[in-house]
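**Student:** Residue numbers (this note's numbering): 15 to 259.
Quick reminder that beta carbons are idealized off the backbone N, C-alpha and C, glycines included.
Have a look at this one:
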């Protein structure tokens with residue numbers, strides 16, 4: 015069975031809608047939860063791919079995100095091993111940082127609905143074409159200024175980047191195909207989490223757009239599976255536990 019490693023930074027932000035899409039394709043996943051002190055996976059060779067999820071702080075806040083260097087190293091390991099790596103929200107910014115993007119804590123909140131626009135760089139990319147012209151939810155903290163030569167494949171209505179594909183096996187996304195309305199509601203319940211002032215409006219619109227959100231998730235899942243060959247099982251080394259029972 016195909017197995018993905020999933021880096022989870024907060025209690026409420028998980029694979030969400032994407033879980034069912036992966037499961038029905040016989041793709042499993044193992045969560046590594048930074049919020050409870052889990053260590054990062056030690057090797058890319060234990061898994062068929064990597065997902066790095068959203069978070070409650072800007073990546074540039076090293077005090078709040080002490081694992082960032084390890085996370086960026088892990089993304090680089092997957093890229094070197096030519097295994098799929100997908101960053102979403104916080105994870106998308108981490109992917110950008112691996113490729114030389116300049117991280118900033120400002121603006122702290124980026125939370126809005128927008129129309130996704132495929133760029134010239136995304137003209138042949140299935141994911142970019144899958145979301146082109148569709149409404150997507152954008153949700154992340156801080157920002158990443160892309161270096162020269164790293165062109166986005168998807169931008170928003172104002173031309174800000176929403177997706178990059180720095181290598182053949184890697185995507186960084188700032189829109190949130192995994193989100194459900196209930197996940198947005200759960201953000202409010204997280205301890206010490208600063209939520210955007212317009213979160214109520216985002217939740218209301220998410221409930222109204224739920225069928226469209228599901229359609230976007232379906233399209234993104236199909237594109238990721240195709241472009242990254244997620245249904246291809248790769249050679250994996252066994253994971254041994256050193257814990258003595």
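On a Cα-Cα basis, can you pick out the residue from 247, 64, 50, 72 that is closest to residue 121?
**Tutor:** Of the candidates 247, 64, 50, 72, the one whose C-alpha sits nearest the C-alpha of residue 121 is 72.
**Student:** Quick check on this structure: which residue in 204, 241, 198, 248 has the alpha carbon closest to the alpha carbon of residue 221?
**Tutor:** Out of 204, 241, 198, 248, 198 has the C-alpha closest to the C-alpha of residue 221.
**Student:** Name the residue from 215, 182, 25, 69 whose alpha carbon lies nearest to the alpha carbon of residue 155.
**Tutor:** Of the listed residues, the one whose Cα sits closest to residue 155 is 69.
**Student:** Could you tell me which of 109, 193, 203, 39 sits nearest to residue 161, measuring between CA atoms?
**Tutor:** For residue 161, the nearest C-alpha among the options comes from 109.
**Student:** Counting C-beta neighbours from all protein chains within 10 Å, is the total for residue 139 16 or more, i.e. buried, or is it exposed?
**Tutor:** Under this definition residue 139 is a buried residue.
**Student:** Just the Cα atoms here: how many angstroms apart are residue 65 and residue 76?
**Tutor:** The straight-line gap from Cα to Cα measures roughly 21 Å.
**Student:** To the nearest angstrom, report how far apart residue 135 and residue 81 are at their CA atoms.
**Tutor:** Approximately 31 Å between the Cα atoms of the pair.
**Student:** Have a look at 128, 163, 158 and flag the residue whose alpha-carbon is nearest the alpha-carbon of residue 146.
**Tutor:** Closest by alpha carbon: 128.
**Student:** If you drop the 5 nearest sequence neighbours on each side, which residues of the same chain put their C-beta closer than 6 Å to that of residue 143?
**Tutor:** Excluding sequence neighbours, residue 143 sits near 132.
**Student:** Could you tell me the distance, in whole angstroms, from the CA atom of residue 167 to the CA atom of residue 180?
**Tutor:** Residue 167 and residue 180: Cα-Cα distance of roughly 10 Å.
**Student:** By Cβ distance below 8 Å, which residues in the same chain neighbour residue 204 in space, the five residues on each side in sequence not counted?
**Tutor:** The residues are 24, 25, 26, 70.
**Student:** Report the CB separation of residue 100 from residue 201 in whole angstroms; it is logged as a contact under 8 Å.
**Tutor:** 21 Å between Cβ atoms; not a contact.
**Student:** Nearest-angstrom Cα distance between residue 148 and residue 230?
**Tutor:** Each residue's Cα considered, the two are about 8 Å apart.
**Student:** Rounding to the nearest angstrom, what Cα-Cα distance links residue 79 and residue 226 in this structure?
**Tutor:** Cα to Cα, residue 79 sits roughly 33 Å from residue 226.
**Student:** Is residue 16 helix, strand or coil when you go by DSSP?
**Tutor:** In this structure, residue 16 counts as strand in the three-state DSSP scheme.
**Student:** Determine the contact status of residue 67 and residue 22, defining contact as a CB-CB distance below 7 Å.
**Tutor:** Contact: yes.
**Student:** Less than 7 Å between the beta carbons of residue 32 and residue 192, yes or no?
**Tutor:** Yes; because the gap between Cβ atoms is below 7 Å, this pair is in contact.
**Student:** Quick check: what's the CA-CA separation for residue 56 versus residue 94?
**Tutor:** So the alpha carbons of these two residues sit roughly 14 Å apart.
**Student:** Expressed to the nearest angstrom, what Euclidean distance is found between the alpha-carbon atoms of residue 214 and residue 186?
**Tutor:** The straight-line gap from Cα to Cα measures roughly 26 Å.
**Student:** Would you please state the rounded distance, in angstroms, between the beta carbons of residue 112 and residue 86? I believe it to be under 8 Å.
**Tutor:** The Cβ separation is near 5 Å, so the contact holds.
**Student:** As a quick exercise: from 184, 233, 153, pick the residue whose alpha carbon is nearest that of residue 209.
**Tutor:** The option with the nearest alpha carbon to residue 209 is 153.
**Student:** Find out if the Cβ-Cβ distance for the pair residue 39, residue 245 is shorter than 7 Å.
**Tutor:** Closer than 7 Å, so yes.
**Student:** Using only CA atoms, which one of 172, 84, 92 lies nearest to residue 250?
**Tutor:** Comparing Cα positions, the closest option is 92.
**Student:** Whole angstroms are fine: how far does the CA of residue 54 sit from the CA of residue 61?
**Tutor:** Between residue 61 and residue 54, the C-alpha separation is close to 13 Å.
**Student:** In the DSSP assignment, the alpha helix (DSSP H) including residue 93 goes from what residue to what residue?
**Tutor:** That run of the alpha helix (DSSP H) goes 82–94.
**Student:** Within 10 Å of its beta-carbon, does residue 106 have 16 or more other beta-carbons around it, so buried, or fewer, so exposed?
**Tutor:** Buried, because 16 or more other Cβ atoms sit within 10 Å of the Cβ of residue 106.
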